[in-house]
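Beneath this line is the structure, given in structure tokens, with notes to follow.
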Amino acid sequence: MPKLIIFDLDGTLLNTLEDLADAANHILAAHGFPTHPVDAYRYFVGNGMTKLIERILPEGKKTPEFINPCLKEFLAYYTEHMHDKTTVYQGITEVLTQLQDRGVKLSVATNKVHEAVAPLMANLFPTIRWDALFGQRPGVPVKPDPAVVADILTATGCGVEDALYLGDSAVDMETAHRAGVRAVGVLWGYRPRTELENAGADIIIEKPEDLMKLVESNR
Numbered sequence: 018m019p020k021l022i023i024f025d026l027d028g029t030l031l032n033t034l035e036d037l038a039d040a041a042n043h044i045l046a047a048h049g050f051p052t053h054p055v056d057a058y059r060y061f062v063g064n065g066m067t068k069l070i071e072r073i074l075p076e077g078k079k080t081p082e083f084i085n086p087c088l089k090e091f092l093a094y095y096t097e098h099m100h101d102k103t104t105v106y107q108g109i110t111e112v113l114t115q116l117q118d119r120g121v122k123l124s125v126a127t128n129k130v131h132e133a134v135a136p137l138m139a140n141l142f143p144t145i146r147w148d149a150l151f152g153q154r155p156g157v158p159v160k161p162d163p164a165v166v167a168d169i170l171t172a173t174g175c176g177v178e179d180a181l182y183l184g185d186s187a188v189d190m191e192t193a194h195r196a197g198v199r200a201v202g203v204l205w206g207y208r209p210r211t212e213l214e215n216a217g218a219d220i221i222i223e224k225p226e227d228l229m230k231l232v233e234s235n236r
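Residue 18 is where the sequence shown starts when you use our numbering, and the numbers rise one by one after that.
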């Protein structure tokens, strides 16, 4: 049984897509730009908030001089509305509770802005004790750089051989591989099986309950 499980957040623990899309589209509309359908945000998110803003802006506006103020506007709006439509994926809380009861350490590694992570966790997982929560922080490169995984391993006192990393995208699989941790792809998130397979997922699971089977099998 692993001692530590590292979870991606958006598309793995939480379905945050509508709140992210609403915040981004709010900024676009405020500047008179075309908005995007919610489903398009499945591929806009995953590489950090700055990259999200860059991706949604029209050509000719993808410059630091425009991205930076739009990012500030986005973060201000998202902070106020990040609880509006975000939900926990079915079965996740039950699995987290079982893992916690078995003494497995639980952590989050996300490219979401760091300040948003703890409030979301407290609101949506009030009974779960997180051993490490790390979002996008100044001076720390975003995933797929493995720095965040290294920080979690240090914070929890675990080694790479003790951990599993769960995520729904190629960014997550690359992060895990670069950190030397086993990469588990999940199919209930934003990206398709083919992306996870092409990114070299060590194991792919279809539903949260499959994680317990994996953990208990010691695979």
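Just so it is clear, CB atoms sit at the ideal spot from N, CA and C, and this is done for glycine as well.
Within its chain, find whatever has a CB closer than 6 Å to the CB of residue 85; leave out the 5 residues flanking it on each side and keep chain order. Counting from one through the sequence shown, the residue named residue 85 turns up at place 68. Setting aside the 5 residues that flank it on each side, residue 85 has no residue in the same chain whose C-beta is closer than 6 Å to its C-beta.
One or two residues paired with residue 201 in a DSSP bridge: Here residue 201 corresponds to residue number 184 of the sequence shown, with the count starting at 1. BP columns for residue 201 point to 183 and 220.
Do residue 33 and residue 42 have their C-beta atoms within less than 8 Å of each other? Sequence index remark: in the sequence shown, residue 33 carries index 16 (1-based). Sequence index remark: in the sequence shown, residue 42 carries index 25 (1-based). Cβ distance not < 8 Å, so residue 33 and residue 42 don't count as in contact.
Cβ distance (whole Å) where residue 139 is taken to contact residue 166 below 8 Å: On the sequence shown, position 122 is the one that residue 139 refers to. On the sequence shown, position 149 is the one that residue 166 refers to. Contact between residue 139 and residue 166 does not hold, since the beta-carbon distance rounds to 23 Å and is not under 8 Å.
Exposed or buried, what is residue 25 when buried is set at 16 or more other beta-carbons lying within 10 Å of its beta-carbon? Against the sequence shown, residue 25 aligns to sequence position 8. Residue 25 should be labelled buried.
Distance check for residue 87 and residue 93, CA to CA, integer angstroms please. For the purposes of this step, residue 93 is identified with residue 76 of the sequence shown, where counting begins at 1. For the purposes of this step, residue 87 is identified with residue 70 of the sequence shown, where counting begins at 1. If you take the alpha carbons of residue 93 and residue 87, they lie about 10 Å apart.
Please identify the residue among 146, 207 and 162 whose C-alpha is closest to the C-alpha of residue 35. Residue numbering aside, residue 35 sits at position 18 when the sequence shown is read from its first letter. Residue 35 has its Cα closest to that of 207, out of 146, 207 and 162.
Assuming residue 153 is part of the beta strand (DSSP E), what are its boundary residues? Taking the sequence shown and counting its residues from 1, one reaches residue 153 at position 136. Run containing residue 153: 149–153, per the beta strand (DSSP E) assignment.
Runs of alpha helix (DSSP H) lying entirely within the segment 32–113, each at least 4 residues, in chain order: Within the segment 32–113, the complete alpha helix (DSSP H) runs of at least 4 residues fall at 34–47, 58–61, 66–73 and 81–98.
Using the DSSP secondary-structure output, state which residues sit across from residue 166 in a beta bridge. Looking up residue 166 in the sequence shown gives position 149. Looking at the DSSP assignment, residue 166 forms no beta bridge with any residue, so it has no partner.
Residue 118: which of 83, 223 and 18 sits nearest, CA to CA? Translated into positions along the sequence shown, residue 118 becomes position 101. Closest in alpha carbon position to residue 118, among 83, 223 and 18, is 18.
Please confirm whether residue 150 and residue 135 have their CB atoms less than 8 Å apart. Looking up residue 150 in the sequence shown gives position 133. Looking up residue 135 in the sequence shown gives position 118. Closer than 8 Å, so yes.
Taking 7 Å as the limit between beta carbons, can you name the residues of its chain near residue 248, skipping five residues before and five after? Nothing about residue 248 can be read from this structure; the chain reaches only from 18 to 236.
With DSSP run on the structure shown, which of helix, strand or coil describes residue 25? For this step, residue 25 is matched to residue 8 along the sequence shown. Coil at residue 25, not helix or strand.
Counting beta carbon pairs with one atom in the segment 191–209 and one in the segment 172–181, are three or more of them shorter than 8 Å? By the Cβ test, the segment 172–181 is in contact with the segment 191–209, since at least three Cβ pairs between them sit closer than 8 Å.
Secondary structure at residue 123, three-state DSSP: helix, strand or coil? Along the sequence shown, read from residue 1 onward, the residue named residue 123 stands at position 106. Here residue 123 sits in strand by DSSP.
Which class does residue 20 belong to by DSSP, given the choice of helix, strand or coil? Here the question's residue 20 lines up with position 3 in the sequence shown. The answer is coil: DSSP assigns residue 20 none of H, G, I, E or B.
Alpha carbon of residue 169 to alpha carbon of residue 78, nearest angstrom: Taking the sequence shown and counting its residues from 1, the one referred to as residue 169 is at position 152. Taking the sequence shown and counting its residues from 1, the one referred to as residue 78 is at position 61. If I take the Cα positions, the gap works out to 36 Å.
Give me the Cα-Cα distance between residue 234 and residue 82, rounded to the nearest whole angstrom. Sequence index remark: in the sequence shown, residue 234 carries index 217 (1-based). Sequence index remark: in the sequence shown, residue 82 carries index 65 (1-based). One C-alpha to the other measures close to 52 Å.
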